[in-house]
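For reference, the structure discussed in these notes is given below.
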Amino acid sequence: MKYMHFTKRLSAALCALVLALALCACGGKSDTPTYKVLTNATFPPFDTVDDSGAIVGFDMDLIAAIGADQGFAVEFTDMAFEALIPAIETGNGDIIAAGMWSGDPERQARVDFSEPYWTDGSALLVQVGNTDITGLDSLTASHKVATQIATNYADDLEAMVAEGKLGQAVILDGFDTCVLQLMNGDVDAVMAGKSIVDSFMKQHPDDLKVVGDRSNYEDLGFAVQKGNSELLDKINAGLKNVMDNGTYDKLLEKWGLK
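Whatever position you read off the sequence shown (first residue = 1), add 206 for the working numbering.
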């Protein structure tokens with residue numbers, strides 16, 4: 207009889223333990239969605255990699271802060287810039303965070319953009335000893351200028367070549383490659399956003415300088431799949447909140463944008 211009582215008590219205890227573990231498992235399960243954020247990490251200070259190879263930058267911190275405000279997590283994937291929009295269109299990513307100009311009508315027809323989170327203008331990066339190039343207006347048919355593929359800068363340079371205002375537009379896979387070409391003397395200048403060329407100049411202050419004032423002001427935005435209003439609303443609401451609560455300004459300071 208004592209054995210039977212002991213067995214019943216043991217069975218009850220085991221049942222209680224299993225139930226408790228089940229409840230803990232249910233309680234520990236996260237309902238937080240995780241969105242795949244696509245970038246091209248050759249675009250400092252917006253999108254780059256640190257010494258360990260991790261994807262970092264202003265865009266990464268900002269979309270993570272927006273996610274924290276709106277109750278979603280993010281994971282980052284680096285890919286070629288020209289592959290970003292096709293990946294979103296086919297559902298192989300949820301958000302583009304790549305310093306992307308949101309004013310391009312062709313892009314607007316393929317993805318939906320958030321409210322702007324940064325306004326920038328184009329500028330030129332040249333070698334320190336270059337006194338020939340002083341800005342966009344100083345470029346001639348004797349110059350070669352590099353920029354990244356699938357950007358509005360590439361469109362601008364190719365238009366200048368067609369108009370006879372530039373000798374050659376060298377279109378490469380990433381801005382980091384463009385800068386290497388410049389430092390090697392293979393091109394005369396690199397064209398990119400003012401904030402981007404400033405960042406590369408700071409990395410090589412003895413070798414490179416930025417010339418010319420900002421021109422062609424452009425808004426940068428996050429992008430989502432066409433028609434994904436639910437996610438876009440979250441991004442816009444979170445962006446407004448982090449701008450209002452001071453987080454945005456702290457990130458600007460962190461990444462040298464303020």
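Ideal Cβ placement from N, Cα and C applies to all residues, glycine included.
query: Glu-369 by DSSP, collapsed to three states: which one?
result: Here the question's residue 369 lines up with position 163 in the sequence shown. Of the three classes helix, strand and coil, the one that applies to Glu-369 here is coil, per DSSP.
message: Check this for me: beta carbons of Ala-398 and Leu-331, under 8 angstroms apart or not?
response: In the sequence shown, residue 398 corresponds to position 192, counting from 1. In the sequence shown, residue 331 corresponds to position 125, counting from 1. Yes, these two residues count as a Cβ contact at 8 angstroms.
query: Can you pull the DSSP bridge partners for Phe-282?
result: Reading the sequence shown from its first residue, position 76 is the one you call residue 282. DSSP output for Phe-282 lists Val-243 as bridge partner(s).
- prompt: What three-state label does DSSP hand Ile-355 in the structure shown?
  reply: Within the sequence shown, numbered from 1, the residue matching residue 355 stands at position 149. Assignment of Ile-355 by DSSP, reduced to helix, strand and coil, places it in the coil class.
query: Counting along the chain, where does the beta strand (DSSP E) carrying Val-376 start and finish?
result: Position 170 of the sequence shown, counted from the first residue, corresponds to residue 376. First-last of the beta strand (DSSP E) with Val-376: 374-378.
Start and end residues, alpha helix (DSSP H) containing Val-448: Numbered from 1 along the sequence shown, position 242 holds the residue referred to as residue 448. Its alpha helix (DSSP H) spans residues 435-450.
query: What is the rounded straight-line gap between the Cα of Ser-258 and the Cα of Ile-402?
result: Along the sequence shown, read from residue 1 onward, the residue named residue 258 stands at position 52. Along the sequence shown, read from residue 1 onward, the residue named residue 402 stands at position 196. Each residue's alpha carbon lies about 21 angstroms from the other.
message: With a threshold of 7 angstroms on Cβ separation, who are the neighbours of Met-285 within its own chain once the five nearest residues in sequence on each side are excluded?
response: By 1-based counting over the sequence shown, the position of residue 285 is 79. Only Leu-244, Asn-246, Ala-293 meet the Cβ criterion.
task: Thinking His-349 and Ala-395 are a contact (beta carbons under 8 angstroms), I'd like their distance in whole angstroms, please.
output: The residue given as residue 349 occupies position 143 in the sequence shown. The residue given as residue 395 occupies position 189 in the sequence shown. With 8 angstroms as the limit, His-349 and Ala-395 qualify as a contact, their Cβ atoms being about 7 angstroms apart.
query: If you draw a straight line from the C-alpha of Asp-362 to the C-alpha of Asp-237, how long is it?
result: On the sequence shown, residue 362 is found 156 positions in, with the first residue counted as 1. On the sequence shown, residue 237 is found 31 positions in, with the first residue counted as 1. For Asp-362 and Asp-237, the distance between alpha carbons rounds to 45 angstroms.
- prompt: Which of the three DSSP states, helix, strand or coil, is assigned to Thr-238?
  reply: Here residue 238 refers to the residue found at position 32 when the sequence shown is read from its first residue. If DSSP states are grouped into helix, strand and coil, Thr-238 belongs with coil.
message: In chain order, what are the residue ranges of uninterrupted alpha helix (DSSP H) at least 4 long that sit wholly in the region 295-325?
response: 311-314
message: If the criterion is Cβ atoms closer than 8 angstroms, does the pair Phe-287 and Ile-377 meet it?
response: In the sequence shown, counting from the first residue as 1, residue 287 sits at position 81. In the sequence shown, counting from the first residue as 1, residue 377 sits at position 171. Contact: no.
query: Span of the beta strand (DSSP E) holding Ala-429?
result: Within the sequence shown, numbered from 1, the residue matching residue 429 stands at position 223. Taken as a continuous stretch (DSSP letters only), the beta strand (DSSP E) holding Ala-429 covers 429-431.
message: Taking the beta carbon of Asp-318 as the centre, do at least 16 other beta carbons fall within 10 Å, making it buried, or is it exposed?
response: Along the sequence shown, one-based indexing puts residue 318 at 112. Its Cβ being crowded by 16 or more others within 10 Å, Asp-318 is buried.
task: May I ask you to report which of helix, strand or coil DSSP gives Leu-386?
output: By 1-based counting over the sequence shown, the position of residue 386 is 180. Three-state result, Leu-386: helix.
task: Give me the Cα-Cα distance between Asp-412 and Asn-390, rounded to the nearest whole angstrom.
output: The count along the sequence shown starts at 1 and reaches residue 412 at position 206. The count along the sequence shown starts at 1 and reaches residue 390 at position 184. If I take the Cα positions, the gap works out to 14 angstroms.
message: By alpha-carbon positions, which one of Asp-300, Gly-263, Gly-341 ends up nearest to Lys-432?
response: The residue given as residue 432 occupies position 226 in the sequence shown. Ranking Asp-300, Gly-263, Gly-341 by Cα distance to Lys-432 puts Asp-300 first.
- prompt: Around the C-beta of Tyr-423, are 16 or more other C-beta atoms found within 10 angstroms, so that it is buried, or is it exposed?
  reply: Position 217 of the sequence shown, counted from the first residue, corresponds to residue 423. The residue is exposed, with fewer than 16 neighbouring Cβ atoms inside 10 Å.
- prompt: Measuring CA to CA, which of Asp-425, Leu-386, Asp-392, Val-393 is closest to His-410?
  reply: As a working note, residue 410 is residue 204 in the sequence shown. Nearest of Asp-425, Leu-386, Asp-392, Val-393 to His-410, Cα basis: Leu-386.
field: Identity of the residue in Phe-428, Gly-309, Glu-436, Val-448 nearest Asn-358 by Cα
entry: Here residue 358 corresponds to residue number 152 of the sequence shown, with the count starting at 1. Closest option to Asn-358, Cα to Cα, is Gly-309.
message: Could you compute how far the alpha carbon of Ser-320 sits from the alpha carbon of Arg-313?
response: Within the sequence shown, the letter at position 114 stands for residue 320. Within the sequence shown, the letter at position 107 stands for residue 313. Taking the straight line joining both Cα atoms gives about 13 angstroms.
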